[in-house]
Every structure is written in C-alpha cells, then in structure tokens.
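Those letters in the sequence shown? Residues 2 to 255, by this note's numbering. Even glycine gets a Cβ: it sits at the ideal position worked out from N, Cα and C.
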Amino acid sequence: MINPDLHKKPVALDRVAHRHLKIRRDQPTLQAAAGLNAFFVTAAEFSDACKEYPIFFLRAGSDKDGKPLCAPVTVFGLAKGENLFWRDGRWNARYVPALLRAYPFAMAATGDNQPYVMCFDESSPVFSTEQGEPLFNDQGEATPFLDELRQFAERVEVEVERTKVAGRKLMEMNILQDRRFDATLPDGTKLSVDGFMAVDEEKLKALSDEQVLELHRSGLLPLLHLHLVSMSNMGQLLQLRLQAQGNGAAAPAA
C-alpha cells in the first residue's frame, strides 16, 4: 500500500536497474513520518496500537461498486504536520504501525497478472550504491535480507485488504459518527481536533441480536471495543503536546 504522504517517490524495485542498490540500516527510516499526524493501521494491529495511540476512522472514498469505505488510523498529533511520537531523532512509543515498519518499502497493485509489485521510496536518504546492506547478490538475485522484507510487506498487504473489507462493513452498518475532541490549554487557548469518525455507542447498543452476532462472528465487535478503549489516549496526546511546549496540564472539554 503506497501512502503519498510517506512514499514521496515510489519506484518499482527491479533486479536489473537496482542491482547495486543498498540500504543503510544505521539510518533512521522512521524520520520520514516525523510530519504525519495520523497513519493507517490494519485491523490486526488494534490490540497493540490501542495501548499507545487513539484509533479513529477516516472516510476513504468508495469502492468500485460505489459503496463508501473508511480506513482506521492511529493518531500521532493534534495538528496537521505534528507527530508527537517523533522526538530527538527516534520514535517514542513501544509499538510502530506495520506499514511504517515496512518503510521505505511497500507493495503496490499493478492491475496486471502480477497483483502486486514491491516498491521503494527512491527519495529516502537510506539508499546508496556504495554503503549498506545489499538488496541483490552478484547474480541479481534477492538477498535473504530483501526476501525477509518482501515477505513482511506481503503479509502487511494481506492485512490491508482484510481491513478494507472491515471498513466497508462498518460503513454499511452506519455505526460511525463524526467526532471532535476539544480541550482548553493552560493559557486558556482552545484546541479542537476533528475530521475523524468514531463508533456511535448508542447505535452500537441499538443493534439487533442478529447484527451483534454478525459483528462478533466477523471479528469486528472486539475491534470496535479496542477502538473505544484507544480513545482515552487522546489525553496522552494532549500531555505530550504540553510537555513539548513546556506547559502544565490541560482540561479536556469533550
């Protein structure tokens, strides 16, 4: 899955054209996410991600049949371009979303007989032809290091597709609502964060037994509970913002 906010110059990896390409593993790849305030997370990651980040949903257009889609995201900051987990040249959270861990690599759909092709972000400074871990051997074959990266990226892509199906189902059931987070900073400044969707708990309670059973059997019900638990992390984000500014505690308004 290519994210244009992260993969600035995605290029299909080719064993001929990129035979001498190397990656400097001593360089921090996650620096590319320093300006992201939210990022896609797969459904399989909710149990880990909910302990660190708020998980909300974004509208994600429509599928080929015109059905609305949504995508779950972990929230890193309270303003555009703000990532409160990237500090002092490192990621300050125990869990990092899988697509970020795969960076600067990703799988991209081709539309041809080969459903996906491995890509890399050519703009990333971690790549070199002189220094680092080689991606191909002298015969132009993938090194064990590259094979491991490809396998991880492929596993992530499988979970991406499963998450798209889950998002479609949530939109069909109409149990998400637009949500806004408000807080008052110590100096009296009002802070508002919107643009996200969250589960409408009243609509969730109003579902029929048949619908609840369907959510349970599909694996969506525990995901919704993890999402609701994760929302308490908005307070943590606010505290991280205040720490970065050297301010005291803030009073959440909603």
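| Query | Result |
| --- | --- |
| Is any heavy atom in the ligand GDP found nearer than 6 Å to the beta carbon of P223? | Of the ligands one can find in the structure shown there are none, so the ligand GDP has no counterpart to examine. |
| Distance, Cα to Cα, E215 vs A207? | 14 Å |
| Where do the N-terminal and C-terminal ends of the alpha helix (DSSP H) with D148 fall, by residue? | 145-174 |
| Nearest-angstrom Cα distance between T164 and D179? | 20 Å |
| Which partner residues does S193 have in the DSSP bridge list? | D183 |
| Is L79 near L238, with beta carbons less than 7 Å apart? | yes |
| Return the first residue and the last residue of the alpha helix (DSSP H) that R242 is part of. | 234-246 |
| Which of helix, strand or coil does DSSP assign to Q32? | helix |
| On the criterion of 16 or more Cβ atoms from any shown chain inside 10 Å, does D139 qualify as buried, or is it exposed? | exposed |
| Checking 7 Å against the spacing of the C-beta atoms, do T130 and H21 come in under that value? | yes |
| Under 7 Å Cβ to Cβ from S48, same chain only, skipping five residues before and after it: list those, please. | L227 |
| Rounded C-beta distance between G168 and L101? I'm assuming under 8 Å. | Contact doesn't hold; Cβ gap of about 19 Å is too wide. |
| Evaluate S63 with the Cβ neighbour count: other Cβ atoms within 10 Å of its Cβ, from every protein chain shown; 16 or more gives buried, anything less gives exposed. | exposed |
| Please identify the residue among W92, F197, R181, F86 whose C-alpha is closest to the C-alpha of K191. | R181 |
| Taking DSSP as the reference, what is the three-state secondary structure of R20? | coil |
| Please state whether DSSP places Q140 in a helix, a strand or coil. | coil |
| Rounded to whole angstroms, how far is the Cβ of F259 from the Cβ of F137, which I believe are closer than 8 Å? | No information on residue 259 is available, as it lies outside the stretch 2 to 255 that the chain covers here. |
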